[in-house]
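Novice: Would you mind keeping the following structure in view while I ask a few things?
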Amino acid sequence: MNNVLKALGVLFVTLLLQVLLFRFGVFFGGKGMIFFHLYGLVLFPLGLNRTGYLFLGAVTGALLDLVLLTGGLHMAAGTALGMILPHLASVIAPRDGFVKGHVINALKDGWWTFVLYSFLVSVIYSSVLFAVEGGRMGLLLSAVWKGVLSGLFNLVLMVLAQGLFGLKRNSKKSKISAYPWS
0 MNNVLKALGV LFVTLLLQVL LFRFGVFFGG KGMIFFHLYG LVLFPLGLNR
50 TGYLFLGAVT GALLDLVLLT GGLHMAAGTA LGMILPHLAS VIAPRDGFVK
100 GHVINALKDG WWTFVLYSFL VSVIYSSVLF AVEGGRMGLL LSAVWKGVLS
150 GLFNLVLMVL AQGLFGLKRN SKKSKISAYP WS
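Residue numbers (numbering that gives the first Met the number 0): 0 to 181.
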């Protein structure tokens with residue numbers, strides 16, 4: 000329960016940063032956009048039921064739509080991401096699987112696992128958002144291209160945020176000492 004409350008706090012902070020700062024992150028004439036609130040969804044604990052992920056994605060998207068006046072684009076993308084997140088976590092899971100409540104972290108799971116999970120989350124969200132925005136099947140390839148470009152921008156931000164604010168490595172000093180006074 001403590002992990003979920005902490006994750007909700009991180010999600011709230013990332014939503015706030017998305018609304019106040021990163022909503023102006025539009026590059027190459029709208030082909031690449033920053034969705035920093037996805038970092039809060041990446042850091043959400045694994046092992047919730049599927050309805051929880053769906054509800055989380057939909058509420059996150061609805062809050063962004065309310066503030067940014069995007070007419071349901073973020074809610075559609077968030078709902079689609081909420082449907083895919085449980086399956087995505089099982090795809091990148093190690094052989095034994097993740098423990099319920101596990102949070103993907105670069106120091107615990109390795110940078111490649113964190114980068115792959117973050118990239119897939121941001122590409123899926125961005126591609127769905129651009130596909131719904133386009134509204135035609137003919138624009139689907141363009142939406143995927145925009146999704147990959149936005150995914151790369153978001154990946155850079157998520158890796159920077161994880162490196163700066165993620166879990167810190169424990170001290171290299173050994174806890175066991177030959178000296179009784181230390």
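C-beta atoms are modelled at their ideal positions from N, C-alpha and C, and glycine is treated no differently.
Would T112 and I83 qualify as a contact pair, given that the criterion is a beta-carbon distance under 8 Å?
Specialist: no
Novice: Just tell me which of Y38, T50, V18 has its CA closest to the CA of F164.
Specialist: Y38
Novice: Pull up the distance between the alpha-carbon of L42 and that of V9, whole angstroms please.
Specialist: 8 Å
Novice: Taking the alpha helix (DSSP H) that V66 falls in, what are its first and last residues?
Specialist: 49-67
Novice: Looking only at C-alpha atoms, which of P85, V122, G100, Q161 sits nearest to L151?
Specialist: V122
Novice: Residues in its own chain within less than 6 Å of F97 by CB, not counting five upstream and five downstream?
Specialist: Excluding residues within five positions, the ones whose Cβ falls inside 6 Å are L45.
Novice: Based on the DSSP output, what are the partners of V25 in its beta bridges?
Specialist: M32
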